[in-house]
Amino acid sequence: FEAYRAHSSSTTNYNIRNINTISFSSIQRNVYDTDNIHLKYRNNTCLLRGDLNWKMLARYINNKKVPQKIYCYACSDGSEAYSIALSLINKLGRDKAKKFFPIISCDTDSKVISRAKDGVIALTTKDLKKLHRLKNPDAQGVFHPTGHKDCISGDEFYFVDEKLRDCVVFGTSDIVEDS
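One gets this note's numbering by counting positions in the sequence shown from 1 and adding 2 to each.
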C-alpha cells in the first residue's frame, strides 16, 4: 500500500493475514455521475455510525498489549477512518491516541480517495449532531463548512481540519489483491 509506505518511517512489513480484524456493515449513500443524474454506485459510509459502539472499539484498541496498526479497507470518503480517529482522540486524548496513527485507509475508487486526500467530506445533519456529543476538546472543531452542498442529497461539504487529516493516510488499494 504505497500511501502508507511513503508515509511510514518504519521498515516493518505487515501481512494482512496476521492482523486481527473487526468487520462491520455500513449505511448506504448513492454516488451519481458528474451530471448528478445517473447512479454510478452505492457508497456505504457514515460518520460515527450508530450501528457501532465507538467507545468500546476505542477501549478494545487501546487495551491491546502490542502496538496496533489500524487498516480501514473500503474507506470510501474516510468517514469510518475519521470516526475511529475521533473515537480514539475522544477516549484517550490526542497525545495518547497518537500511537495508533496514521490509520491506513484505502478504497478501490481513485476519485473518492482523491476527495478524501483533499480533505473534503459530506456531512449530514445527523453526522453533525453526533460530533457535538464528543466530550474531549481535542475531538471538537475538526470540520469546517465549505459553503457548498451536494445537489442530490443536500448534504453539506466540509473541510477536514489538518489535525484530523494527519491521523489518516489515504490510498487506492484492494483488500482482495492485498491479502
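Think of the CB as a built atom: it goes at the ideal place given N, C-alpha and C, for glycine as much as any other residue. Being a predicted model, the structure only gives us computed values, none of them experimental.
Between the alpha carbons of residue i and residue j, how many angstroms are there, rounded?
i	j	result
Gly149	Thr127	14 Å
Lys165	Val114	21 Å
Gly173	Lys137	30 Å
Tyr73	Ile105	6 Å
Asp120	Asp168	12 Å
Asp176	Ser116	16 Å
Leu133	Ser155	20 Å
Gln142	Lys66	26 Å
Asn55	Val144	21 Å
His146	Asp97	23 Å
Phe3	Arg135	Note that Phe3 has pLDDT 35, beneath the 50 cutoff, so the model's placement of it is unreliable and no number is given.
His178	Val68	It should be noted that the sequence gives Val, not His, for residue 178. If I take the Cα positions, the gap works out to 26 Å.
Beta-carbon within less than 8 Å of residue i's beta-carbon, same chain only, minus the 5 sequence neighbours each way: which residues are those?
i	result
Lys93	Lys57, Ala60, Arg61, Asn64, Ala99, Asn138
Val122	Thr148, Phe159, Tyr160, Phe161, Val162
Lys131	none
Between residue i and residue j, how many whole angstroms is the CB-CB distance? I'm expecting something under 8 Å.
i	j	result
Phe102	Leu88	Going by Cβ atoms, the distance from Phe102 to Leu88 rounds to 12 Å, so no, they are not a contact pair.
Ala124	Glu158	7 Å
CB residue i to CB residue j, shorter than 7 Å?
i	j	result
Val170	Ser107	yes
Leu50	Ser85	yes
Gly80	Asp140	no
Ala76	Asp53	no
Identify, in the order they occur along the chain, each residue of the same chain with its Cβ nearer than 6 Å to the Cβ of residue i, setting aside the five sequence neighbours on each side.
i	result
Asp152	Ala124
Asp129	Leu49
Glu82	Cys74
Ser112	Thr174
Take residue i and list the residues in its own chain whose beta-carbon comes closer than 7 Å to its own, dropping the five residues that flank it on each side.
i	result
Gln70	Ile63, Phe102
Thr23	Unreliable placement is indicated for Thr23, whose pLDDT of 40 sits below 50; no coordinate value is reported for it.
Those runs of the alpha helix (DSSP H) which lie wholly inside the region 58-120 and span at least 4 residues: 81-94, 96-99, 112-120
4 or more residues per run - each alpha helix (DSSP H) lying fully within the region 128-176: 164-167
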